[in-house]
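Those protein sequences? They're chains A and B, same order as listed. My numbering applies: residue 134 is where the first sequence begins, and numbers increase by one. My numbering applies: residue 134 is where the second sequence begins, and numbers increase by one.
2 protein chains.
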Amino acid sequence: MVTETREKMVRTAALLLAKRGLQGASFSEVLAASGAPRGSIYHHFPEGKDQLVAEALALAQARAMDELERHRGESAPDVARAFVQLWRDVLLASDFSAGCAVVAVTVAADAEPLVEKAAAVFREWQGILTDLLATGGVPSARAASLASLLIAASEGAVIVARAEGAIDRFDAVAEELVEVVAAAGEVSG
Amino acid sequence: MVTETREKMVRTAALLLAKRGLQGASFSEVLAASGAPRGSIYHHFPEGKDQLVAEALALAQARAMDELERHRGESAPDVARAFVQLWRDVLLASDFSAGCAVVAVTVAADAEPLVEKAAAVFREWQGILTDLLATGGVPSARAASLASLLIAASEGAVIVARAEGAIDRFDAVAEELVEVVAAAGEVSG
Numbered sequence: 134m135v136t137e138t139r140e141k142m143v144r145t146a147a148l149l150l151a152k153r154g155l156q157g158a159s160f161s162e163v164l165a166a167s168g169a170p171r172g173s174i175y176h177h178f179p180e181g182k183d184q185l186v187a188e189a190l191a192l193a194q195a196r197a198m199d200e201l202e203r204h205r206g207e208s209a210p211d212v213a214r215a216f217v218q219l220w221r222d223v224l225l226a227s228d229f230s231a232g233c234a235v236v237a238v239t240v241a242a243d244a245e246p247l248v249e250k251a252a253a254v255f256r257e258w259q260g261i262l263t264d265l266l267a268t269g270g271v272p273s274a275r276a277a278s279l280a281s282l283l284i285a286a287s288e289g290a291v292i293v294a295r296a297e298g299a300i301d302r303f304d305a306v307a308e309e310l311v312e313v314v315a316a317a318g319e320v321s322g
Numbered sequence: 134m135v136t137e138t139r140e141k142m143v144r145t146a147a148l149l150l151a152k153r154g155l156q157g158a159s160f161s162e163v164l165a166a167s168g169a170p171r172g173s174i175y176h177h178f179p180e181g182k183d184q185l186v187a188e189a190l191a192l193a194q195a196r197a198m199d200e201l202e203r204h205r206g207e208s209a210p211d212v213a214r215a216f217v218q219l220w221r222d223v224l225l226a227s228d229f230s231a232g233c234a235v236v237a238v239t240v241a242a243d244a245e246p247l248v249e250k251a252a253a254v255f256r257e258w259q260g261i262l263t264d265l266l267a268t269g270g271v272p273s274a275r276a277a278s279l280a281s282l283l284i285a286a287s288e289g290a291v292i293v294a295r296a297e298g299a300i301d302r303f304d305a306v307a308e309e310l311v312e313v314v315a316a317a318g319e320v321s322g
């Protein structure tokens with residue numbers, strides 16, 4: 134039960150970060166949205182809000198990693214499609230009200246350790262995507278830069294889609310990305 | 134003099150948005166950073182903070198548009214290089230502490246009109262980039278989606294670079310983008 138409360142608070146913080154940014158994910162908002170009792174804050178997160186945010190980032194990281202792992206061994210374009218789809222799902226499920234918790238922390242954090250945590254998530258995604266793209270047929274010299282392109286363009290396309298409240302330009306970007314990855318694989322093959 | 138104070142407040146708000154996000158661009162921060170007298174707030178911005186933020190967005194939009202206009206008539210890869218360079222300059226000039234004011238507003242705004250303003254900036258950039266890429270040799274059917282890719286990937290790469298405090302992955306993304314645009318032009322030629 135105690136563990137459930139804690140997990141619920143972390144999930145709620147991740148959602149609030151994705152929807153309303155770093156300042157929107159305050160303890161009081163997390164309590165209100167998760168229904169956790171006030172006393173649970175310092176019981177579960179003795180180091181304060183930064184600890185809660187760090188765990189929300191870890192959750193966001195793990196979700197993407199788990200989803201990507203499911204596509205290990207698939208062709209590079211399929212891996213690219215899966216990564217893009219992950220973000221498309223976030224946009225559609227939230228009616229364009231949610232984006233990426235890692236982005237939210239990066240653009241608003243004034244605490245160095247939190248930004249370092251965000252960087253660590255990007256590095257993890259970069260690592261697994263590079264690996265999956267290379268395994269899926271992209272020349273290894275190119276896999277890292279295509280992984281960087283996938284991450285950057287997906288994150289940016291999520292932001293544009295949120296601003297516009299429409300999926301069109303996200304889909305245009307996604308199509309370009311899959312095509313670039315496919316072309317890189319063909320050159321090698 | 135009055136106009137100078139007003140302009141300085143808008144410039145300061147744009148910088149604070151780019152550096153510290155929407156909540157970091159409060160009136161008190163803008164006053165502290167711009168040295169404007171307290172009374173100037175409601176004199177210059179009777180509609181409050183949202184008015185100031187909207188004008189900061191308009192400034193960010195105009196800066197990018199002016200810079201892009203200077204490259205009208207150049208080849209599509211040169212246009213892509215110029216757009217990417219604009220963001221690279223922001224990162225390096227700020228030692229990775231600043232990003233894009235439009236992104237900052239999108240991921241943290243809870244006011245619909247501000248998000249609509251952010252969307253309008255993205256649309257303006259999309260319009261001019263599509264135009265310049267088509268003029269620069271990209272087939273017109275492809276120009277819009279490549280413009281979307283350029284905007285999304287640049288914005289995302291800025292965020293990753295800020296998190297990491299390093300330019301490497303930004304440069305990898307930039308190189309991929311220029312290459313994609315160049316290849317699209319060759320197909321048409």
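No residue lacks a Cβ here, since even glycine has one placed at the ideal position from N, Cα and C.
- Put simply, the backbone Cα of residue 166(B) is about 13 Å away from that of residue 174(B).
- Residue 216(B) and residue 242(A) have their alpha carbons spaced roughly 26 Å apart.
- In the DSSP assignment, residue 216(B) falls within the alpha helix (DSSP H) that extends over 209-226.
- Assigned with DSSP and collapsed to three states, residue 272(A) falls in coil, not helix or strand.
- With respect to the 8 Å criterion, residue 246(B) and residue 199(B) are not classified as neighbours on the basis of their beta carbons.
- Neighbours of residue 255(A) in chain B, taken as residues at a C-beta separation under 9 Å, are given in chain order as 292, 293, 296, 297, 302.
- Restricting attention to 146(A), 155(A), 212(A), 178(A), the CA atom closest to the CA of residue 311(A) is found in 212(A).
- Around residue 194(A), no beta-carbon contact reaches into chain B at under 9 Å, the shortest distance being about 12 Å.
- Only 275, 277, 278 from the segment 261-278 of chain B bring a Cβ to less than 9 Å from some Cβ of chain A.
- For residue 149(A), the nearest beta carbon of chain B is not closer than 8 Å to its own beta carbon.
- Scanning its chain for C-beta atoms nearer than 6 Å, with the 5 sequence neighbours on each side dropped, one finds around residue 146(A) the residues 158, 163, 185, 189, in chain order.
- Legend: CB atoms of the segment 214-241 of chain A lying less than 9 Å from CB atoms of chain B belong to residues 232, 233, 235, 236, 237, 238, 239, 240, 241.
- With distances taken between CA atoms, residue 306(B) lies nearest to 214(B) out of 226(B), 276(B), 264(B), 214(B).
- Chain-order list of chain A residues neighbouring residue 281(B): 290, 293, 302, 305, 306, 309, by C-beta distance under 8 Å.
- Judged by DSSP secondary structure, residue 161(B) falls within the alpha helix (DSSP H) whose first and last residues are 160-167.
- In the three-state reduction of the DSSP assignment, residue 194(A) falls in the helix class.
- Just so you know, the alpha carbons of residue 257(A) and residue 195(A) end up roughly 9 Å apart.
- Straight-line measurement puts the Cα of residue 156(A) at about 19 Å from the Cα of residue 251(B).
- Approximately 4 Å separates the beta-carbon atoms of residue 289(B) and residue 288(A); this is inside 8 Å, confirming the contact.
- Proximity to residue 253(A) across 279(B), 209(B), 295(B) peaks at 295(B), based on C-alpha coordinates.
- Distances from the alpha-carbon of residue 224(B) to those of 141(B), 144(B), 192(B), 302(B) put 302(B) closest.
- Counting the other CB atoms within 10 Å of its CB gives residue 226(A) a total below 16, which places it among the exposed residues.
- For residue 252(A), the closest Cβ of chain B is nearer than 8 Å.
- Taking a Cβ-Cβ cut-off of 9 Å, residue 318(B) has no neighbours in chain A, whose nearest Cβ is about 14 Å from it.
- Around the Cβ of residue 278(A), a 10 Å sphere holds 16 or more other Cβ atoms; the residue is buried.
- Contact annotation, residue 138(B) with residue 169(B): C-beta distance approximately 5 Å; criterion of less than 8 Å satisfied.
- Considering only 229(B), 208(B), 191(B), 261(B), the residue with the shortest C-alpha distance to residue 319(B) is 208(B).
- Neighbours of residue 157(A) in chain B, taken as residues at a C-beta separation under 8 Å, are given in chain order as 241, 243.
- Around residue 153(B), the beta-carbon contacts reaching into chain A at under 8 Å are 241, 243.
- Sixteen is the threshold: when 16 or more other Cβ atoms of the shown chains lie within 10 Å of the Cβ of residue 309(A), as they do, the residue is buried.
- Listed along the chain, the chain B residues whose CB falls inside 7 Å of the CB of residue 285(A) are 286, 289, 290, 293, 306.
- In this structure, residue 192(B) places its C-beta atom within 8 Å of the C-beta atom of residue 143(B).
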